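Residue numbers (our numbering): 925 to 1463.
Glycine included, every Cβ here is placed at the ideal spot set by N, Cα and C.
Keep in mind it's a predicted model, so treat the numbers as computed, not measured.
In structure tokens form, the structure reads like this:
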């Protein structure tokens, strides 16, 4: 039953059966325009305005709405937010399994740095392979089936990883598991603004997006801690060793102690225990989503959620005409794609600093992601109140982030003296700043792409992100390439994005549509809009 409902537009109009691109009054409009000024769904210049400049609730916009629902903001929106966030959290944690325990796994399974890089890179490869198909599934079948099928891929992938611990077959099965987990990436990333738009009113959308993004990223942070906690082994931790005065830390790190078969067996057993826990959690979450996770609310929370959108493939094609949208997509892809891939192999990046152990690298990664999770929750409430200033916020954040990312390579090559406090500040500060910008970029992209769907708009963003990450990690295939280039690339790509952000202009199309109704009506109660409205939805 939910399948059939998900295929129907939220607000079917009388002209729906004749043309999907007709408005309520039967006038065709082109969803490709950068501005909604020529769309019959736009608020015309002659619309009635209130004293504070907002459009009155009885203005012409409501007359353009097809017969449809009363608006309703449901308390269960927080349940939906939590469940979807846990889904994204799990996908991120499974993806980041191997980087934090790379040293131990190289010893236990006979892997190389290239193997570790490809285990992370399968997420990007799978995303690029299916990155445009899964957002179509989101539009065609709805949020429930898109999320459920993606969670099934994660669960199946975790199942492959626990079959055996023998190095040969285990390596193959782990690669397969990482590929399957990567297939869940498009919905885990693309649907973030979709769930905000479906369930939350305009004055909560940016905050909802920030919450999901933060919990999603927190999965990466937790992997930095759980991995080293469950998995034993690896070279000795010399970061605080003060008794080895006659031997340099560099010698001790590069000359591994004699590894016995018993130690390798113990390390593989600890890795498998970690895999069992991840698999069990994935199964439980899959069952919870299967039991209850509706595709959409019975009544929409606001005007823009009620209006029909362009179909997925035509909407995706129309984005080629939106120049500023393309700029924000490239900006997101270059900066976030490189940062995410860089963070997934942080232990490798910090190897030139021989004082940093695998465990300490994990804690640095943990704190950097936690900072990126917590900070947006506070800043996004501020951004919700100043939604039209988000471009300025993003620009300032990128300038500060680039400054942090310049300090790290200068420290690694010895121009800036090593300091543990400075190392933490540089990585945690830079990562936190860029993560704060991510929900803002999502929302700006949706505004510039409207009336194209959130799935189409963010599908392109995340596709670009993963394509850049794929290329970035694929460089490890070059013999003796080292790791220093990764830190310079992180700084360089962040700097390149700064003038691109400064060039972005455009109207907040979706926000303008929502401002056709007084924001005061978005309360924890039903709001009757003049007319006898009905709706097709989920009970």
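Residue 1015 is not a Cβ neighbour of residue 1127, given a cutoff of 8 Å. In this structure, DSSP gives residue 1124 a state outside helix and strand, which the three-state scheme calls coil. Of the candidates 1093, 1097, 1083, 1061, the residue whose Cα lies closest to the Cα of residue 1112 is 1061.
Short of 6 Å from the beta carbon of residue 1145, and not among the five residues preceding or following it, lie these beta carbons of its own chain, in chain order: 1290, 1293, 1294. Every alpha helix (DSSP H) stretch that sits fully inside the segment 1032-1075 and reaches 4 residues is listed by chain position as 1037-1054, 1057-1065. C-alpha of residue 1398 to C-alpha of residue 1028: approximately 22 Å in a straight line.
Using a Cβ-Cβ distance cut-off of 8 Å, the segment 1194-1208 and the segment 1070-1090 are in contact, since at least three pairs of beta carbons, one from each stretch, lie closer than that value. For residue 1037 and residue 1286, the gap between their C-alpha atoms comes out near 17 Å. Counting along the chain, residue 1251 sits inside the alpha helix (DSSP H) bounded by residues 1247-1268.
Assigned with DSSP and collapsed to three states, residue 1099 falls in helix. With three or more CB-CB distances shorter than 8 Å, the segment 1415-1425 counts as touching the segment 1319-1332. If the five residues before and after residue 1420 are omitted, its C-beta is found closer than 7 Å to the C-beta atoms of 1258, all from its own chain and listed in chain order. With 16 or more other CB atoms across the displayed protein chains lying within 10 angstroms of its CB, residue 1063 is buried.
In the structure shown, residue 1274 adopts coil according to DSSP, grouped into three states. Going by beta carbons, residue 1141 and residue 1359 fall inside the 8 Å limit. The C-alpha of residue 1317 lies about 49 Å from the C-alpha of residue 1190. Contact holds between the segment 1357-1372 and the segment 1248-1258, because three or more Cβ pairs, one in each stretch, are under 8 Å apart. Per the coordinates, the alpha-carbon of residue 1220 lies some 16 Å from the alpha-carbon of residue 1114.
In the three-state scheme derived from DSSP, where H, G and I count as helix and E and B as strand, residue 1359 is classed as helix. In the DSSP assignment, residue 1009 falls within the unbroken alpha helix (DSSP H) covering 1001-1019. The continuous alpha helix (DSSP H) containing residue 1416 extends over residues 1408-1427. With a minimum length of 3 residues, there is no unbroken run of beta strand (DSSP E) contained wholly in the segment 1315-1366.
Nearest in C-alpha terms to residue 1102, of all of 1116, 1020, 1384, is 1020. Between residue 1026 and residue 1272, the CB-CB gap stays under 8 Å. Secondary structure at residue 1284: helix, using DSSP grouped into helix, strand and coil.
The C-beta separation of residue 1149 from residue 1136 comes to about 21 Å, leaving the pair out of contact by the 8 Å criterion.
Taking the C-beta atoms as reference points, residue 1195 is found no nearer than 8 Å to residue 1041.
Leaving aside the five residues that flank residue 1296 on each side, the residues in its chain whose CB is nearer than 6 Å to its CB run, in chain order, 1141, 1355, 1356, 1359. Counting along the chain, no alpha helix (DSSP H) covers residue 1243, and no H or E run does either. Of the candidates 1326, 1393, 1050, 1326 places its Cα closest to the Cα of residue 1412. The continuous alpha helix (DSSP H) containing residue 1393 extends over residues 1378-1398. For residue 1005, the closest alpha carbon among the candidates 1394, 1123, 1396 is that of 1123.
Per DSSP, residue 1204 is one residue of the alpha helix (DSSP H) stretching across 1185-1215.
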